[in-house]
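Engineer: After the structure tokens below, expect a handful of questions from me.
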Amino acid sequence: MSAAGAAPMRAVVSLAERAAARSVDHVALDGVAKIYNPGTRQPVEALAPTSFTIKAGEFVALLGPSGCGKSTLLMMVAGLEAPSAGSIAVGGKPMTAPRPEIGIMFQDPTLLPWKSAIDNVLFAFQAMNRPVALHRDRAAALLDRVGLAGFHDRKPRQLSGGMRQRVAICRALVHEPELLLMDEPFSALDALSRDEMNLVLMNMWEGRHRTALFVTHSIREAVYLSDRVLVMSRRPGRIVEDVRIPFTRPRDLAVGETVAFNEICGHLRGKIERMHRP
Amino acid sequence: MTDLSLSLRPTAGSGVGDAVRDIARAVGPPLVAAAVLLAGWQLVCEAAIVEPRLLPSPVKVFATLGRSLDVLLVQALPTLYGALAGIGLAALLGLLLGGALAWSQTVMRAVYPTVVFFQLIPKVALAPLFLLWFGTGLAANIVFSVFIAFFPVLVATITGLQATPPAFDGLCRSLGMSRMRQFLAVKLPFALPYIFSGMRMGVTFAVIGVVLGEFITGQAGLGYIILFSANNFETALLLASIVVLCGVGALLFGLFLGLEAIVLCLYDSR
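Structure below.
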């Protein structure tokens, strides 16, 4: 807490955020900061005090350079890390520990190598001590929907990188979480697979608009997927821009060819470059 | 990768002939090499290059083996039991202590240096002490065996339990798994290949431990026969005992390979 006092308050509370706070907030961050190794000779301020809210059903991207604290922020929203200062509320309740109504995708697909694709999806239930057999049909239907029909019984080592992330999407969604958190899930994929995964993710999300927070360092990916893009500065990270993305849904990849899309990307790129100029 | 290529291999044309050829390709070369070695040994003896009492010919060794097989098999039993009990107990202790060390950072920091220190002791040096403690029976041989076979299992267990990629910790915690369930359902399966390779090493060590014990206690077992034959210059009996000893080692090794195959298969099909 002493560290939060030492750091100047840099949280940007825009008018838009105040307006959003009046409607249904699914996720609300208030002055959330993270300092690693506090009280030692080398404390690292990963995240400056940050406040923002996400409305129910909104898809928000956190866009920023590597090491800006955006993954740390996501892990704190997931309840996997504790903030050094400030508070996080999900669904109106303060976040103190991981909750089952949140689904997470990591940069790595984190599939158990000895389990088949469908058993990896069902691992979500196994982990939560819920009966697995009841949900087998659901898991199979999800795998079919992400284009993995015929691959249900393959082991992860028999699948491509993109296919593994598809299994990971299904695992994150199979227990119908209200909030979906994604930590650069496609950053290890090649550009073509990445476009494909963005389509798959959009297709899954269009079915039911869950609240989503998506961390990425790809400007185009952020703009294509999101309702709102939050731009973060370099470490210690803070939110420097909050941009609403106006395109109607469902979106196809062709939206990326439009002038408006590229103008938004240009604006965000300029913002990030100005920030990085010494 | 291997599995994929195996499953993609066309299966229509392959029949019994192919299977026989595959087996021949696998077993043929080592058999030929062994036969050449034995033939060379026989030739050396035939040519009387070395004193026959020092190096009996393979033919003589196998003749002695046939003649003394009943005695040798009776003496192989205590060695087999000793080694089996040795690796069994070593595996159990190694797994339990390895699990405890991997579970708690504090226990690890407190105990691991001592474990490493113990591992550095030349185990043979402790043999006379163990003789005083445990007498000259099978118990002393088993203690030698456990003491030598324990460390490879322990180190493999610790290494294996740390082999789970760190990202799985976040996944398991996000799904609300308790530490114990995460340990059993994720960390242990990730560790299994390591643990089994430690056990395979432990099997060979366990046999060494028992034979060492039999050398020192000098009561029964193949180690005792080896010592006895050397004292009486019966080199053919000595080498025949070693052949049987290799059989004991191979039997135990096969047993653990089987166990490994069963456990890994269970984990792979779940």
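In the order they appear, the protein sequences are chains A and B. Residues in the first sequence are numbered consecutively from 93, following the working numbering. Residues in the second sequence are numbered consecutively from -2, following the working numbering. Even for Gly, the Cβ is constructed at its ideal location relative to N, Cα and C. Fair warning: this is a prediction, and the values are worked out from it, not measured in the lab.
1. How many angstroms separate the CA atom of F141(B) from the CA atom of A153(B)?
2. When the cut-off is 9 angstroms and only beta carbons count, does T202(A) lie next to chain B?
3. Could you say if the stretch 119 to 131 of chain B and the stretch 61 to 72 of chain B meet the contact criterion of at least three C-beta pairs nearer than 8 angstroms?
4. For R336(A), which residues does DSSP report across the bridge?
5. Check each residue of the stretch 300 to 324 of chain A: if its Cβ is closer than 8 angstroms to any Cβ of chain B, include it; give the result in chain order.
6. Listing by chain order, which chain B residues have their CB less than 7 angstroms from the CB of L235(A)?
7. Chain A beta carbons: is any one of them nearer than 9 angstroms to that of R178(B)?
8. Mind pulling the beta strand (DSSP E) runs of 3 or more residues that sit fully within the stretch 173 to 233 of chain A?
9. Thinking just about the alpha-carbon of each residue, which of V323(A), P328(A) and F306(A) is nearest to the one in A170(A)?
10. Inspect the beta-carbon positions of D200(A) and P162(B) and report whether they are closer than 9 angstroms.
11. Are the C-beta atoms of W297(A) and some chain B residue less than 9 angstroms apart?
12. Using only CA atoms, which one of S101(B), A44(B) and T201(B) lies nearest to F272(B)?
13. Skipping 5 residues on each side, what residues in its chain have a beta carbon closer than 8 angstroms to that of A385(A)?
14. Exposed or buried, what is R114(A) when buried is set at 16 or more other beta-carbons lying within 10 Å of its beta-carbon?
15. Should M105(B) and P149(B) be called a contact, given that it needs their Cβ atoms to be closer than 9 angstroms?
16. Specify the secondary structure class of L284(A) as computed by DSSP and reduced to three states.
17. For P162(B), go through chain A and note every residue whose CB falls closer than 8 angstroms to its CB, in chain order.
18. Could you confirm whether any beta carbon from chain A is found closer than 9 angstroms to the beta carbon of G157(B)?
19. So which residues on chain A does M198(B) lean against when the C-beta distance must stay under 8 angstroms?
20. Got a sec: which bits of the stretch 121 to 136 of chain A sit with their beta carbon under 9 angstroms from any beta carbon on chain B, in order along the chain?
21. Are the beta-carbon atoms of V124(A) and I194(A) separated by less than 9 angstroms?
22. Just checking: is the beta-carbon of M174(B) within a distance shorter than 9 angstroms of some beta-carbon in chain A?
23. Using only alpha-carbon positions, find the residue among Y316(A), A209(A) and F243(A) that is nearest to R263(A).
24. In chain order, what residues of the stretch 226 to 245 of chain B put their CB closer than 9 angstroms to some CB of chain A?
25. Show which residues of chain B have a CB atom less than 9 angstroms away from the CB atom of M255(A).
26. Ordered along the chain, which non-local residues of its own chain (more than five positions away) have a Cβ less than 7 angstroms from that of V116(A)?
27. For V68(B), name the three-state secondary structure that DSSP assigns.
28. Which of helix, strand or coil does DSSP assign to S101(B)?
29. Using a Cβ-Cβ cut-off of 9 angstroms, state whether F144(B) counts as contacting chain A.
30. Spatial neighbours of T202(A) within its chain, please: C-beta separation below 8 angstroms, excluding the five flanking residues on both sides.
31. Tell me the residue span of the alpha helix (DSSP H) that contains F230(B).
32. Closest to R326(A) by C-alpha separation, out of I127(A), G161(A), T132(A) and G183(A), would be which residue?
33. State the DSSP-derived secondary structure class of G123(A), mapped to helix, strand or coil.
34. Would you kindly work out how many angstroms separate the C-alpha atoms of L251(A) and Q218(A), rounded to a whole number?
35. Leaving aside the five residues before and after L322(A) along the sequence, list all residues of the same chain whose C-beta is less than 6 angstroms from its C-beta, in chain order.
36. Compute the Euclidean distance between the alpha carbons of Y264(B) and P186(B), then round it to the nearest angstrom.
Structural biologist: Judging by the given coordinates:
1. Residue 141(B) sits at position 144 when you count from the first residue of the second sequence. Residue 153(B) sits at position 156 when you count from the first residue of the second sequence. For F141(B) and A153(B), the distance between alpha carbons rounds to 20 angstroms.
2. Taking the first sequence and counting its residues from 1, the one referred to as residue 202(A) is at position 110. Yes, contact with chain B.
3. No, the stretch 119 to 131 of chain B is not in contact with the stretch 61 to 72 of chain B.
4. For the purposes of this step, residue 336(A) is taken as residue 244 along the first sequence, with counting starting at 1. For R336(A), the beta-bridge partners assigned by DSSP are R320(A).
5. Within the stretch 300 to 324 of chain A, no residue has a Cβ that lies closer than 8 angstroms to any Cβ of chain B.
6. Taking the first sequence and counting its residues from 1, the one referred to as residue 235(A) is at position 143. Chain B residues near L235(A): none, gap ~18 angstroms exceeds 7 angstroms.
7. Walking along the second sequence from the start, residue 178(B) turns up at place 181. Closer than 9 angstroms: yes.
8. Runs of the beta strand (DSSP E) inside the stretch 173 to 233 of chain A: 177 to 182 and 194 to 197.
9. What you label residue 170(A) is simply residue 78 of the first sequence in a count that begins at 1. For A170(A), the closest of V323(A), P328(A) and F306(A) by C-alpha to C-alpha distance is F306(A).
10. Here residue 200(A) is taken as the residue at index 108 of the first sequence, counted from 1. Here residue 162(B) is taken as the residue at index 165 of the second sequence, counted from 1. Taking 9 angstroms as the cut-off, the beta carbon of D200(A) is found closer than this to the beta carbon of P162(B).
11. The count along the first sequence starts at 1 and reaches residue 297(A) at position 205. No, W297(A) does not count as interfacial toward chain B.
12. Nothing about residue 272(B) can be read from this structure; chain B reaches only from -2 to 267.
13. As shown, chain A starts at 93 and ends at 370. That puts residue 385(A) outside it, with no answer to give.
14. Position 22 of the first sequence, counted from the first residue, corresponds to residue 114(A). Note that R114(A) scores 46 on pLDDT, short of 50, meaning its location in the model is unreliable and no value can be drawn from it.
15. For the purposes of this step, residue 105(B) is taken as the residue at position 108 of the second sequence. For the purposes of this step, residue 149(B) is taken as the residue at position 152 of the second sequence. One thing to note: M105(B) has its Cβ no nearer than 9 angstroms to the Cβ of P149(B).
16. Here residue 284(A) corresponds to residue number 192 of the first sequence, with the count starting at 1. Helix at L284(A).
17. In the second sequence, the residue the question calls residue 162(B) occupies position 165. Near P162(B) (Cβ distances below 8 angstroms), the residues of chain A are D200 and T202.
18. What you label residue 157(B) is simply residue 160 of the second sequence in a count that begins at 1. False, the Cβ-Cβ gap to chain A never drops below 9 angstroms.
19. As a working mapping, residue 198(B) is identified with position 201 in the second sequence. None at all; the shortest Cβ gap to chain A is about 23 angstroms.
20. Correct list: empty, as no residue qualifies.
21. Counting from one through the first sequence, the residue named residue 124(A) turns up at place 32. Counting from one through the first sequence, the residue named residue 194(A) turns up at place 102. Taking 9 angstroms as the cut-off, the beta carbon of V124(A) is found no closer than this to the beta carbon of I194(A).
22. By one-based count along the second sequence, residue 174(B) stands at place 177. Answer yes: the Cβ-Cβ gap between M174(B) and chain A drops below 9 angstroms somewhere.
23. The residue you call residue 263(A) lines up with position 171 of the first sequence. Residue nearest to R263(A) within the set Y316(A), A209(A) and F243(A) is A209(A) (criterion: CA-CA distance).
24. The stretch 226 to 245 of chain B vs chain A, Cβ under 9 angstroms: nothing.
25. Position 163 of the first sequence, counted from the start, is the residue given in the question as residue 255(A). Within chain B, no C-beta atom comes nearer than 9 angstroms to that of M255(A); the closest sits roughly 13 angstroms away.
26. As a position in the first sequence, residue 116(A) is number 24, starting the count at 1. Correct list, in chain order: K147 and A148.
27. Numbered from its first residue, the second sequence carries residue 68(B) at position 71. Under the three-state reduction of DSSP output, V68(B) falls in the helix class.
28. Along the second sequence, read from residue 1 onward, the residue named residue 101(B) stands at position 104. In this structure, S101(B) counts as coil in the three-state DSSP scheme.
29. Here residue 144(B) corresponds to residue number 147 of the second sequence, with the count starting at 1. By the rule that beta-carbons nearer than 9 angstroms mark a contact, F144(B) does not touch chain A.
30. Looking up residue 202(A) in the first sequence gives position 110. Excluding positions up to five away in sequence, the list reads A260.
31. As a working mapping, residue 230(B) is identified with position 233 in the second sequence. In the DSSP assignment, F230(B) falls outside any alpha helix (DSSP H) and carries neither an H nor an E.
32. Locating residue 326(A) in the first sequence gives position 234, counting from the first residue. The shortest C-alpha to C-alpha distance from R326(A) to any of I127(A), G161(A), T132(A) and G183(A) is the one to G161(A).
33. As a first step, residue 123(A) must be located in the first sequence, where it is residue number 31. DSSP, reduced to helix, strand and coil, places G123(A) within a strand of the structure shown.
34. The residue labelled residue 251(A) in the question sits at position 159 within the first sequence. The residue labelled residue 218(A) in the question sits at position 126 within the first sequence. For L251(A) and Q218(A), the gap between their C-alpha atoms comes out near 22 angstroms.
35. The residue given as residue 322(A) occupies position 230 in the first sequence. Once the five neighbours on either side are set aside, the close Cβ partners of L322(A) are L154, I331 and D334.
36. Counting from 1 along the second sequence, the entry for residue 264(B) is found at position 267. Counting from 1 along the second sequence, the entry for residue 186(B) is found at position 189. Rounded to the nearest whole angstrom, the CA to CA distance from Y264(B) to P186(B) is 7 angstroms.
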